[in-house]
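Only one structure is covered here, and it is reproduced in the block below.
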Amino acid sequence: MLSLANFTSLLTLAIDRIPEIHSISGSSLAGNTFLTSLEISPCPNIILIPSELGSLTALKSLTIRWCEELMSLPQSLQNPNALESLEISECYSMTSLPDNGLQGLSSLRPLSIENCNSLTSVSSSLEHLTSLEHLTIMCCPSLGSLSHTVFVP
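Quick note: the sequence shown, position 60, residue 114 per my numbering, numbers continuous.
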C-alpha cells in the first residue's frame with residue numbers, strides 16, 4: 055500500500071507505472087489538503103481508490119488511466135467542489151460511476167470517459183454538472199443507454 059502521509063504540501067501527484075500497487079492509503083490522502091492534481095496511470099492492479107479522495111478540497115484535476123482492475127470510484131467523489139477536470143480511461147473493470155457521486159461537482163468542465171469496456175451505466179447525476187462544457191463518452195461497449203436528462207438544458 056502506498057502511503058503519502060509525510061507529503062502534506064504536495065500540489066501535484068502522479069502515480070505512474072507501478073504495477074505492484076493495489077491500493078492507496080486513505081489516511082495519507084486525507085492529509086494532502088493542497089493537492090490540486092492527481093494522476094493515476096497505468097497501475098493495472100489497483101483495485102481501490104479510497105473514499106478519502108473526497109477530502110481533497112483543492113483537487114482541480116483527476117485523471118485515472120489504465121487501472122484495469124478498478125471496478126468503481128468512491129461515492130465521496132462528489133465532495134471536491136473544486137474539481138474542474140475528470141478523465142477516466144482504460145478502466146476495463148469499472149461497471150458504473152458513483153450513484154450520486156458526480157452531482158456535487160459543480161465546477162467540472164470537461165468530463166471524459168473512454169474505453170471502459172464493462173461500464174453499464176452513467177449516472178443521471180450528469181444533469182447536475184452545471185459548468186460542464188465538454189463531455190466525451192466513447193468506446194464503452196457495455197453502456198446500454200444514457201438518461202435523456204443528460205441532454206436536456
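Built from N, CA and C at the ideal position, the CB exists for glycine as well.
Excluding the five sequence neighbours on either side, which residues of its own chain have a C-beta within less than 7 Å of the C-beta of residue i, listed in chain order?
i            : result
leucine 107  : Leu83, Pro128, Ser130 and Leu131
cysteine 193 : Glu168 and Asn169
serine 160   : Asn135, Thr184 and Ser185
proline 195  : Asn171
arginine 71  : Pro96
The ligand HEM and residue i: does any heavy atom of the ligand fall closer than 6 Å to the residue's C-beta?
i           : result
leucine 107 : The model on display carries no ligand, and the ligand HEM is accordingly not part of it.
Just to confirm my understanding: we take residue i, look at its own chain, exclude 5 residues before and 5 after, and list those with CB closer than 6 Å. What are they?
i             : result
histidine 188 : Pro164
leucine 197   : Leu173
serine 91     : Thr66 and Ser115
threonine 117 : Glu93 and Glu141
proline 152   : Leu127, Gln129 and Leu131
serine 175    : Ser150
Cβ of residue i within 7 Å of Cβ of residue j?
i            : j            : result
leucine 89   : leucine 110  : yes
leucine 156  : leucine 137  : no
serine 147   : arginine 119 : no
cysteine 145 : leucine 124  : yes
Could you give the C-beta distance for residue i and residue j, rounded to a whole number, given that I count them as a contact under 8 Å?
i             : j             : result
leucine 208   : serine 150    : Outside the shown range of the chain, which is 55 to 207, sits residue 208, and nothing can be said about it.
glycine 80    : serine 63     : Incorrect: roughly 19 Å between the Cβ atoms, too far for contact.
isoleucine 94 : isoleucine 69 : 5 Å
Does DSSP put residue i in a helix, a strand or coil?
i           : result
alanine 68  : strand
valine 206  : Reliability of the predicted coordinates at valine 206 is poor, the pLDDT of 47 falling under 50, and the value obtained from them is presented with this limitation in mind. Of the three classes helix, strand and coil, the one that applies to valine 206 here is coil, per DSSP.
serine 196  : coil
serine 95   : strand
serine 79   : coil
leucine 107 : helix
CB-CB under 8 Å to residue i, same chain, minus the five flanking residues each way: which ones, in chain order?
i             : result
threonine 190 : Pro164, Leu165, Ser166, Ile167 and Glu168
asparagine 86 : Leu58, Phe61, Thr62, Leu64, Leu67 and Leu110
Quick check on the DSSP output: what are the complete beta strand (DSSP E) runs of length 3 or more inside the region 122-188, in order along the chain?
Taken in chain order, the complete beta strand (DSSP E) segments of 3 residues or longer contained in the region 122-188 are 139-143 and 164-168.
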